[in-house]
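Here is the structure we will look at, set down as structure tokens.
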Amino acid sequence: MDLAGNLASIRARIASACERAGRDPAAVQLVAVSKGQPPAVVHEAAALGLAIFGENRVQEAKAKIPQCPGRLRWHMIGHLQSNKARDAVDLFEMIHSVDSLGLAEELNRRADAAARRLPILLEVNIAAEAGKHGLTPDAALANLDAINALPRLEVHGLMTMAPWTPDAGKVRRVFRRLREMRIECEQRLGAPLPHLSMGMTSDFEVAVEEGATLVRIGTALFGARARPG
Numbered sequence: 002m003d004l005a006g007n008l009a010s011i012r013a014r015i016a017s018a019c020e021r022a023g024r025d026p027a028a029v030q031l032v033a034v035s036k037g038q039p040p041a042v043v044h045e046a047a048a049l050g051l052a053i054f055g056e057n058r059v060q061e062a063k064a065k066i067p068q069c070p071g072r073l074r075w076h077m078i079g080h081l082q083s084n085k086a087r088d089a090v091d092l093f094e095m096i097h098s099v100d101s102l103g104l105a106e107e108l109n110r111r112a113d114a115a116a117r118r119l120p121i122l123l124e125v126n127i128a129a130e131a132g133k134h135g136l137t138p139d140a141a142l143a144n145l146d147a148i149n150a151l152p153r154l155e156v157h158g159l160m161t162m163a164p165w166t167p168d169a170g171k172v173r174r175v176f177r178r179l180r181e182m183r184i185e186c187e188q189r190l191g192a193p194l195p196h197l198s199m200g201m202t203s204d205f206e207v208a209v210e211e212g213a214t215l216v217r218i219g220t221a222l223f224g225a226r227a228r229p230g
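Listed below in structure tokens is the structure:
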């Protein structure tokens, strides 16, 4: 694995996408998706300057994070069940995948018990894909005020996943709609929402062109994970 070379390539691609969109590359943060990667690889990535790591499963993160440099920032990017909320509050700086009012209420309760404020993103299923998690756009807007009113949570923005499709136009429309939704949410709240978490290995350049501030990249950085079997 040429981690340094992969990282340099990703950063160059982000910079090019920013140039096309008239954006400052400093406005885009790379979330290194470390799911399935051992602590030694996280240490190597951290030594190259990566600071934000994304995990999909609470159980894996709970075992891994204590073995990694303490200065790192950990984001929960996978589906989160309410019964894992306490561990998530203990482990993660930010939760990208809040997909119901019930989960938000449980995170608020656990954050209150931990005496902390918890930045969150609302996960929106823009493409209305069956089998994918996330609030519908209408539900996200309908629940926005109630979630924003929870005293221990800080709504920092929105997250989505684009569908797996060779149709680049369809992918772009999903990301553009999330950007438009952020504007609607900001108008409703009367406050800025700084983050759009969108874009992965296959589509992060389009996401950056459409305004992503957090791109979640695993395979392009660490290589394809070995599959059991």
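Going from the sequence shown to this note's numbering is simple: count from 1 and add 1. Virtual Cβ for every residue (Gly too), placed ideally from N, Cα, C.
Taken in chain order, the whole alpha helix (DSSP H) runs of length 4 or more contained in the stretch 155-221 are 169-190, 205-210.
C-alpha of L151 to C-alpha of M77: approximately 19 Å in a straight line. Sequence-distant partners of C19 (beyond 5 residues in either direction) whose C-beta falls short of 7 Å from its own C-beta, in its chain, are D25, P26, V29, V209. In the DSSP annotation of this structure, the continuous segment of the beta strand (DSSP E) that includes A33 starts and ends at 30-34. For R21, the CB contacts under 8 Å within the same chain, skipping 5 residues up- and downstream, are E210 in chain order. The Cβ atoms of L119 and M95 lie closer than 9 Å to each other. Note: L145 is not bridge-paired with any residue in the DSSP secondary-structure output.
Under the DSSP assignment, P120 falls in the beta strand (DSSP E) whose first and last residues are 119-124. Residue state for F223 is assigned as helix, using DSSP reduced to three classes. Taking a cut-off of 8 Å for Cβ pairs, the stretch 159-174 and the stretch 61-74 do not touch, as fewer than three such pairs fall below it. Sequence-distant partners of S10 (beyond 5 residues in either direction) whose C-beta falls short of 8 Å from its own C-beta, in its chain, are A221. If you look at E56, you'll find it isn't in any alpha helix (DSSP H); it sits in the beta strand (DSSP E) that goes 53-56. Counted as a single uninterrupted DSSP element, the beta strand (DSSP E) harbouring S98 occupies residues 95-99. Looking at the DSSP output, R74 shares a beta bridge with I53.
Collapsing the DSSP output to three states places L108 in a helix.
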